[in-house]
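Each remark here refers to the structure printed beneath this line.
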Ligand code: GLY
């Protein structure tokens, strides 16, 4: 979303650049040009942000592989997209290893501290939990980067962090999205001395066109590279994080009730990133791989695709209904598999899909859809009894970000990164330039007996992140993912349906207007979707409603790759949502 100021790694150096943190003169743009589609050879990347894409591309150009570039891109997003990504957050990587011809995943989801209880969030207003130490999960990103690089990369962490350090030191140009996100958070940022001094210099969001530097973050990344992950997971940085969680730096006079957190250094010491098998479904002869629990991304996208495959035709009505049913099952069955028995194989089975598909008729089904019984025993067509009322879905924002990378060897990374809410907990660790996540608000607050996503000590909150890789005959065809809270799932599903069923190209599939049905009474829809399809869907009994902001009217901000003939790859980012993203290739097609 922003244009770059820096580098020796393929980014542009601004001679004599000695700008103060903000309010400097606008800086001219980079060698790489921000565009949403790029096609070529030798590797490719797409992120929401030109600086981050350029950082990842520079690593590919140095000979790094897709995992090296994914980590470099994620670290760069921690600088330029700090309200969605950062080392105090978490994420999920779905990775195709071309040499082994195998898809794997790395789970860097945050965990609840050991002192967490199932009732810790009960009765707490959601907005109060959002801006608190209580909601801060044990960060997973650094362990994830380390595990990912050791197992699949070629570079040490120190090297992968270099482009991000350069951007943090030299700065990036503030764009409208960064400015607006800061503005939307200004009230709570102002309540923490560390956050206000970084993100509200002079008491205001940095103006569009000014240069924003984060020297504290540059130092933090540099020291992390030297000292390694143990510096966070039990060392001095970890102690600073724990101190901040337990005593957030609330400004004098602030009236906000800031609850303190439960994290201890021992929680950091106990943290592990986990390599997990991906979810896999076949859809129309293709193999679709996604993120397994604790994310509900792979299971929900996968189940909806299987339901669609069991139907005689696939249109927008069927897309909405399949998504509604898959969300009913997600909410009933998916949580951290270390704590709940998730019937994953059954949720993704043909038998269950056929039973669920039977419930889809010519008109929208009654709300709410009841969860099915993924028990291995399936009736040809059970009757459609509406479910008991479901609690109102909690507020979901456009948080999170997604990047895709491929390299010259054909490795592919689809990587969702998050600090949960846009702006996370709103609390910057003093002197470190990093925002703490508020990922624990992804737990069900309760009371909700039997809910698979209630908090527990050490548990990972259920996620909706859905980085997805599609193989055709064992070779990559597509990679796709998006931000957007629970709408991530429907965005990925809709892009796949647009591409595989409706005959759109990947750029068209990404740009097309979106709607999101998550077992709610009304389906959220972008204005262009309602304009084009509202009448026909309303006639079938669907109710469409506007997408609440900010930013109002937008669902997701996807990135994707398509592997074309002759070794060509097409990298795709949003053309407009969130200000548009950046797609780059190592060697553009002539
Ligand atoms: N925090 C967004 C997600 O994990 O789905």
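Residue numbers (mature numbering (1 follows the signal peptide of the UniProt record, and there is no 0)): -24 to -1, 1 to 566. For each residue, glycine too, the CB sits at the ideal point set by N, CA and C.
Residues that DSSP places opposite residue i in a beta bridge
i	result
residue 449	Partner(s): none; residue 449 has no beta bridge.
residue 73	78
residue 378	392
residue 597	Nothing can be reported for residue 597: it is not among the residues displayed for the chain, which extend from -24 to 566.
residue 21	381, 560
residue 35	BP columns for residue 35 are empty, so no partner.
residue 492	500
residue 16	545, 564
Short Cβ contact (8 Å threshold) for residue i with residue j
i	j	result
residue 332	residue 495	no
residue 471	residue 440	no
residue 498	residue 491	no
residue 280	residue 143	no
residue 310	residue 205	no
residue 239	residue 124	no
residue 136	residue 381	no
residue 568	residue 391	Since the first residue of the chain shown is -24 and the last is 566, residue 568 is not available in this structure.
residue 517	residue 482	no
residue 409	residue 534	no
residue 8	residue 560	yes
residue 379	residue 64	no
residue 412	residue 196	no
residue 130	residue 274	no
residue 257	residue 282	yes
residue 548	residue 13	yes
Residue i burial status per 10 Å Cβ neighbour count (16 or more: buried)
i	result
residue 26	buried
residue 543	exposed
residue 553	buried
residue 474	buried
residue 157	buried
residue 170	buried
residue 121	buried
residue 556	buried
residue 161	buried
residue 223	exposed
residue 326	exposed
residue -24	With a pLDDT of only 42 at residue -24, under the threshold of 50, the placement of this residue in the model should not be trusted; the figure read from the coordinates follows. Under this definition residue -24 is a buried residue.
residue 528	exposed
residue 93	exposed
residue 558	buried
residue 228	exposed
residue 163	exposed
Own chain residues within Cβ distance below 7 Å of residue i, not counting five before or after
i	result
residue 210	241, 244, 245
residue 294	284, 287, 336
residue 88	113, 416, 431, 432, 433, 434, 435
residue 450	77
residue 4	With a pLDDT of 35 at residue 4, under the threshold of 50, the predicted position of this residue should be treated as unreliable, though the coordinate-derived value follows. Excluding residues within five positions, none has a Cβ falling inside 7 Å.
residue 375	60, 394, 396, 397, 398, 459, 461
residue 504	489
residue 361	346
residue 152	184, 555
Contact set for residue i: own chain, Cβ-Cβ below 6 Å, skip 5 residues either direction
i	result
residue 414	106, 111, 396, 397, 400, 401
residue 564	16
residue 539	452, 453, 545
residue -3	The predicted position of residue -3 is uncertain, since its pLDDT is 34 and thus under 50; no value can be drawn from it.
residue -16	Confidence in residue -16 is poor, its pLDDT being 37 and thus under 50, which makes the residue's placement unreliable; the coordinate value appears in the next sentence. Cβ neighbours of residue -16 beyond the five flanking positions: 34, 139.
Element boundaries [alpha helix (DSSP H), containing residue i]
i	result
residue 178	No alpha helix (DSSP H) holds residue 178; DSSP gives it neither H nor E.
residue 351	Looking at the DSSP string, residue 351 is not in any alpha helix (DSSP H), and its letter there is neither H nor E.
residue 297	292 to 309
residue 469	463 to 476
residue 128	117 to 128
Neighbourhood of residue i by C-beta distance below 8 Å, restricted to the same chain and skipping five residues each side
i	result
residue -1	For residue -1, the predicted structure reports a pLDDT of 31, less than 50, and the residue's modelled location is therefore unreliable. The matter cannot be settled from this model.
residue 247	87, 114, 115, 116, 119, 209
residue 98	421, 422, 423
residue 625	No statement about residue 625 is possible, as the shown extent of the chain runs from -24 to 566 and does not include it.
residue 566	none
Span of the beta strand (DSSP E) around residue i
i	result
residue 392	388 to 394
residue 223	Note, residue 223: premise wrong, no beta strand (DSSP E); not H, not E.
residue 256	255 to 259
residue 262	262 to 266
residue 230	Residue 230 -> no beta strand (DSSP E), and no H or E assigned at all.
residue 521	520 to 522
residue 135	Where residue 135 is concerned, there is no enclosing beta strand (DSSP E), although the alpha helix (DSSP H) it sits in stretches over 133 to 136.
residue 250	250 to 252
residue 547	545 to 549
residue 361	Residue 361 -> no beta strand (DSSP E), and no H or E assigned at all.
residue 538	535 to 539
Short CB-CB distance (under 8 Å) between residue i and chain C
i	result
residue 422	Here chain C cannot be found, since the structure has a single protein chain.
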